[in-house]
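Some notes on the structure that comes next.
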Amino acid sequence: MATVKEQSFEQLEMKREVYHLIINGKRVNSENGETFTTYNPATGEAIATVAKASKEDAEKAVLAARNAFDFGKWRHFPVNKRSRVLNKIASIMRARFNELVELEILDSGKSLSAAQGQVMQAIEDFEFYAGAIVGHRGVVNNVPGAFHNYTEKEPVGVCAQIIPWNYPLMMAAWKVAPAIAVGCSVVVKPATLTPLTAILLGEICIEAGVPEGVVNIIPGAGSEVGNYLVEHEKVDKVAFTGSTPIGKNIMERASKTLKRVTLELGGKSPNIVFNDADVDAAVDGSLFGIFYNTGQSCEARSRLYVHEDIYDEFIEKFTLKTKKLVLGNPLNKETHVGAIISRDQLEVIDGYVKSAIEDGATIVTGGKEAKLDGLENGHWYEPTIITNVNHDMKAVREEIFGPVVVVMKFSDEKEVIKLANDSEFGLGSAIWTKDHGRATRVANQIQAGIVMVNCPFSAFPGTPFGGYKQSGFGRELCIETLDLYTETKSIISYYGSRPLNPFGV
Ligand code: NAD
Ligand code: MN
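For the sequence shown, the positions run 1 to 505 when the UniProt record's numbering is used.
Rendered as structure tokens:
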């Protein structure tokens, strides 16, 4: 993997001072000329000015996307030609890998290794769908009688794609790649906290040969631009990644025009360590499971259940390693844990920790804002372990979305399955055990879209990603996603020699 030269923020030259909306294949200012500033969460410094989309820009983007879909050539390209363009997008991203990594770090405060992995995965998503689309076909059915039935997969149309701030480029890739692979047009709304890499992705798509209007990028407020897209009658589908309350609101609004909806929402994923686990591997995996991406991860394993036989040993080792985690300049490769995205989010996290303390929980380590030399204006939170908790506590039931894990003790398999499933969410889950039978049994009973067995990783191109219950529905990152961006058309054709006369009149 290519590496970014280590450097301080002062030395790092911003690629550009102003970023524009991408509408109809062009960089444009917003109609009303409004802009906003995006900040570096690690330093608190402003890094760029960004054109701020309003309803007028959303309207322009939807019309551009509609026009490209209804009258343009993209969806009619032979599939291998679309595939070639997707591969071209990936190759431009590879060539600009360092720039994308740097921008992602600056805009989101995530650590170098996290940003590298995510940018690489975004690239591989385009490569995956460049291949997958070639094999995405309808079927031929054997219908009794002289009937030939075949199905065609047709692009669903104009898709609004709403992106969160925690994986700004990767989530955009998860959505844009499958949608344009099948021939849809997209209007992408990045989060205003982290708009830069999605804008670059839009520019790269155009450079790679995606025709004008097929990919539009319009950062703006969710309450204005997001809502407008969700209610627009010329938008056929909404794909949303974000919090559960907003996902519910979107589904309700989208129902007015019966849009296709896919929702990737919040989580509170259980991480279960049995007494027959390799304790050291479970410690390392659990550490990554919660503190990767500063805990700002939908599939963060934030509820840790440890068997009573190994509880003390586990907690001791887990605490020791948590204390070893390095917070600091995200551009340094030694940094494990990056910044919290914003002051507001930091306060939300701290509020959860305080609520746990009020509820009688114990803070084993962390539990407060971290102050870092030279990065005093950034947003930092100490990796936090909380014990003495139960399922009535807010910190155990709700998604904290920060570097905070709650730990509980259990004594048997049935009990822990019940506890793991006692949540409104159902996104990720992890099991640590050497017993293959147990792993299979528990995996089978967990109500979650993803089960990791002796493994801390949850997302690879080709691997279905998505939730059960209130973590949403629809799967991304996989072949099935292509179906979620297409309509199936069934064509029934009679080939008999005698004319049909069903009424017999
Ligand atoms: P959020 O719900 O606040 O915002 C997500 C996006 O929706 C942003 O672009 C925002 O501007 C937009 N938005 C806000 N209000 C809107 C509205 N009324 N209509 C349309 N769009 C609107 O979430 P966030 O804080 O940016 O991201 C964190 C959340 O995302 C967490 O809950 C996390 O679990 C979830 N998440 C889920 C996954 C997954 O795959 N399941 C992945 C990443 C993040
Ligand atoms: Mn930012």
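Ideal placement from N, C-alpha and C gives every residue a C-beta, glycine not left out.
- In the displayed model, Thr481 falls within a helix according to three-state DSSP.
- DSSP lists no bridge partner for Ala122.
- Those residues that have a beta carbon less than 7 Å away from any non-hydrogen atom of ligand 2 are, in order along the chain, Thr38, Tyr39, Asn40, Pro41, Ile47, Asp107, Ser108, Leu193 and Thr194.
- Rounded to whole angstroms, Ala122 and Thr294 show a C-alpha spacing of 19 Å.
- Under the DSSP definition of a beta bridge, Ile23 partners with Lys26.
- In its chain, beyond the 5 residues on either side, Glu45, Ala46 and Ile47 have a beta carbon closer than 7 Å to the beta carbon of Tyr39.
- By the criterion of a C-beta distance shorter than 6 Å, His336 is surrounded in its chain by Leu325 and Val326, once the five residues flanking it on both sides are discounted.
- Between the alpha carbons of Leu287 and Lys321 lies a gap of roughly 8 Å.
- Under DSSP, Gly472 shares a beta bridge with Glu264.
- At a Cβ-Cβ threshold of 8 Å, Pro330 and Ser30 do not count as neighbours.
- Between Ile23 and Lys73, the C-beta spacing is not below 8 Å.
- Contact between the segment 437-445 and the segment 455-472 is absent: fewer than 3 CB-CB pairs across the two stretches fall below 8 Å.
- At least one heavy atom of ligand 1 lies closer than 7 Å to the C-beta of Thr241.
- Only residues of its own chain outside the window of five on either side were considered, and among them Gly426, Leu427, Gly428, Pro464, Phe465, Gly466, Gly467, Tyr468, Ser471 and Arg475 have a CB closer than 8 Å to the CB of Gly449, listed in chain order.
- Not one heavy atom of ligand 1 sits closer than 7 Å to the Cβ of Val404.
- As the crow flies, the alpha-carbon of Ile250 is around 19 Å from that of Ile217.
- With a cut-off of 7 Å, the C-beta of Leu201 is classified as distant from ligand 1, since no heavy atom of the ligand falls inside that distance.
- Counting every other CB atom within 10 Å of its CB across the protein chains shown gives Leu229 a total of 16 or more, marking it as buried.
- Note on geometry: alpha-carbon atoms of Ser113 and Gly338 lie some 10 Å from one another.
- The beta carbon of Gly202 lies closer than 6 Å to those of Ile22, Val215 and Ile217 in the same chain, with the five residues before and after it left out.
- By the criterion of a C-beta distance shorter than 8 Å, Gly378 is surrounded in its chain by Asn40, Pro41, Ala42, Thr43, Gly44, Gly109, Ala339 and Leu372, once the five residues flanking it on both sides are discounted.
- Counting along the chain, Ile162 sits inside the beta strand (DSSP E) bounded by residues Val158 to Ile162.
- When Gly213, Leu196, Glu399 and Tyr292 are compared, the shortest CA-CA separation from Gly183 is found for Gly213.
- For Arg66, the enclosing alpha helix (DSSP H) starts and ends at Lys55 to Phe71.
- The shortest C-alpha to C-alpha distance from Pro211 to any of Ile446, Phe410, His76 and Asp412 is the one to His76.
- Beta-bridge partners assigned by DSSP to Leu304: Asn271 and Val407.
- Counting only runs of at least 3 residues, the segment 355-414 fully encloses the following beta strand (DSSP E) elements, listed from N- to C-terminal order: 362-365, 384-387 and 404-410.
- Taking 8 Å as the upper bound for CB-CB distance, Ile290 and Pro403 are in contact here, some 7 Å apart.
- In the three-state reduction of the DSSP assignment, Gly289 falls in the helix class, which pools H, G and I.
- Judged by DSSP in its simplified three-state form, Glu127 adopts helix.
- Not one heavy atom of ligand 1 sits closer than 7 Å to the Cβ of Asn32.
- Contact annotation: the segment 47-57 does not touch the segment 378-391, with fewer than three C-beta pairs closer than 8 Å.
- For Ile47, DSSP assigns no beta-bridge partner whatsoever.
- Sequence-distant partners of Asn87 (beyond 5 residues in either direction) whose C-beta falls short of 6 Å from its own C-beta, in its chain, are Ala130.
- Nearest to Asp125 by C-alpha distance, out of Pro178, Phe401 and His391, is Pro178.
- Proximity to Phe318 across Asn80, Gly366, Arg438 and Glu152 peaks at Gly366, based on C-alpha coordinates.
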